[in-house]
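Structure record follows, encoded as structure tokens.
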């Protein structure tokens, strides 16, 4: 079994009948819809799907086709940057699936979308074929309105050399699972939180593959360091925790709690177990997986 | 889905054709044989099976019937205490199955074994109906040879009031999963290890539901604290680790590594994660389970 997750993002977060048509198009045997998240401010919907590569790619193709038919970017507004009706479609390897399977699925879907839907397709992250397209923000900078005029300077990997008049273009790729992780501090001093976030986040020279910002959570009267770990193989959860703990101590405060938002890969949790216990536990030793996996 | 594990122990660890018949009898649709462990010194075989209550109980009934037909305790010897050809048959709740389901399965199997195989049946641990039978050692003390003469003083819960002439009696029950956990210390001083094991084990006033002994591991030149955690809800892995860490520090040594023998329930590992991260993660947040569980 080679199970993949896909997290397609569509530029529609308000018209419920269109959102309903997108989820209906994903209803393919062998594919499970784990989550639907629509944001009216972003005017954007994110589906979380899981399945083996073939049925999952079928489901994604159908949803992209619905997005092309139903969403017109010429009349779309929202605060989130986007270049397509179906904007970005990442495959994520889960369980013991290798990244190569996610990349292969991304390339196959990209070919089909380019040829059958006549959309310009960009390949990003682990599926990128050009180094400048590894980072999504390089492809999406300026959004649909910029790309429409400047596509010659940012040529797609596949498909036509012109943006689709109403549906724009699409970014397809493969990436590591993302972990949304928040740490609460025993302080309401946002300046302390901001200083710690700066020390942690990759973009200011902190930990690789970590995005971080500080927020004051009024309900708790505490500062939260809100993080995305974009590659837990590169920077693990226990490393992040330890660095925040040290930086907090250096500023006279301490961690009071931490929490994950959404689902966490077990592999990332085993890093925590092994750091805490000086252990070397692997997925093969986890009873629940062995029972469920048929292995 | 209400998944159970069963770990039946049979008094045969040498004759491979009998062991083969036992495993063949467990081959019931819906039941998976996860492990077979035969020990010639103990003259004993332990199967690990998993399935839903009905097929699992069917498989256990068939294996017990094979044991009754094939094993004669009058000609059996081995270093491990035993009162039956099929000696002890524990059901273990796994994943999110409640203990009550394991107890109900134990009671149903006990009734069938008592009436159809005419064996005296004792109910133990969470399935016990008499407080003096909660602990397995109270039922099994002195083995088959003692029970044969003294069964009137140790009456079975179900079935005939006499031991079966060749197959003895059987103990059926329900218990928490057992975790086999070893901690290595940065010392080769076995006296230090023994002192720590005494502080940790329940029987000398240490931690509830923990068995512990100290061993010198020549290959590593290190002392190992070898433990069984018989109820990780009562004493968790991080509690055990912390107590060993403190006791080691008090004696001038430290933990260098730790390891699990066999499979570990994920719930017990989440205790470690939550202790390390000041977290409150539950099984529902673990991606891999959600993907495999169909949930």
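Residue numbers (the numbering used here), protein chains in the order written: chain W, 1 to 295; chain A, 1 to 295. Yeah, the Cβ is synthetic: ideal placement off N, Cα and C, and Gly gets one too.
- Restricting attention to beta strand (DSSP E) runs no shorter than 3 residues, the segment 80-123 of chain A encloses them at 86-93, ordered along the chain.
- Residue environment analysis places residue 153/A among the exposed positions, since fewer than 16 neighbouring C-beta atoms fall within 10 angstroms of its C-beta.
- Within the DSSP secondary-structure output, residue 203/W pairs in no beta bridge.
- When the beta-carbon positions are compared, residue 52/A and residue 16/A stay at least 9 Å from each other.
- Secondary structure at residue 221/A: coil, using DSSP grouped into helix, strand and coil.
- Straight across, the Cα-Cα distance linking residue 147/W with residue 280/A is about 44 Å.
- Interface criterion not met: the Cβ of residue 86/A is under 9 Å from no Cβ in chain W.
- Taking CB atoms only, residue 255/W has a neighbour in chain A less than 9 Å away.
- Between the alpha carbons of residue 64/A and residue 166/A lies a distance of about 13 Å.
- Taking the Cβ atoms as the reference, residue 184/W lies roughly 14 Å from residue 240/W, outside the contact range of under 8 Å.
- Here the alpha carbons of residue 150/W and residue 189/W stand approximately 45 Å from one another.
- Within the same chain, and ignoring the five residues on either side of residue 76/W in sequence, the residues whose Cβ sits closer than 7 Å to its Cβ are 11 and 43.
- When 218/W, 169/W, 220/W and 228/W are compared, the shortest CA-CA separation from residue 197/W is found for 228/W.
- The closest CA to that of residue 103/A, considering only 292/A, 209/A, 144/A and 6/A, is found on 6/A.
- By the CB criterion at 9 Å, residue 214/A and residue 236/A fall outside the cutoff.
- Non-local C-beta neighbours of residue 160/A in its own chain, meaning closer than 7 Å and more than five positions away in sequence, comprise 118 and 120, ordered along the chain.
- Contiguous alpha helix (DSSP H) elements confined to the segment 260-293 of chain A occur at 266-277 and 287-293, taking only those with 4 or more residues.
- Cβ contact annotation for residue 60/A (same chain, cutoff 8 Å, sequence separation greater than five): 6, 8, 26, 49, 89 and 109, in chain order.
- For residue 32/W, no alpha helix (DSSP H) segment is defined; the enclosing uninterrupted segment is the beta strand (DSSP E) at 31-39.
- For residue 241/A, the neighbours in chain W by C-beta distance under 7 Å run, in chain order, 277.
- By the Cβ neighbour-count rule, residue 272/W is buried, with 16 or more other Cβ atoms within 10 Å of its own.
- Taken in chain order, the complete alpha helix (DSSP H) segments of 4 or more residues contained in the segment 35-75 of chain W are 53-70.
- Out of 37/W, 179/W and 87/W, the CA that lies nearest to the CA of residue 136/W is found in 87/W.
- Between residue 91/W and residue 106/W a beta carbon distance of about 5 Å is seen, short of the 8 Å cut, so the two are scored as contacting.
- Residue 18/A places its beta carbon 9 Å or farther from that of residue 84/A.
- Per the coordinates, the alpha-carbon of residue 257/A lies some 14 Å from the alpha-carbon of residue 193/A.
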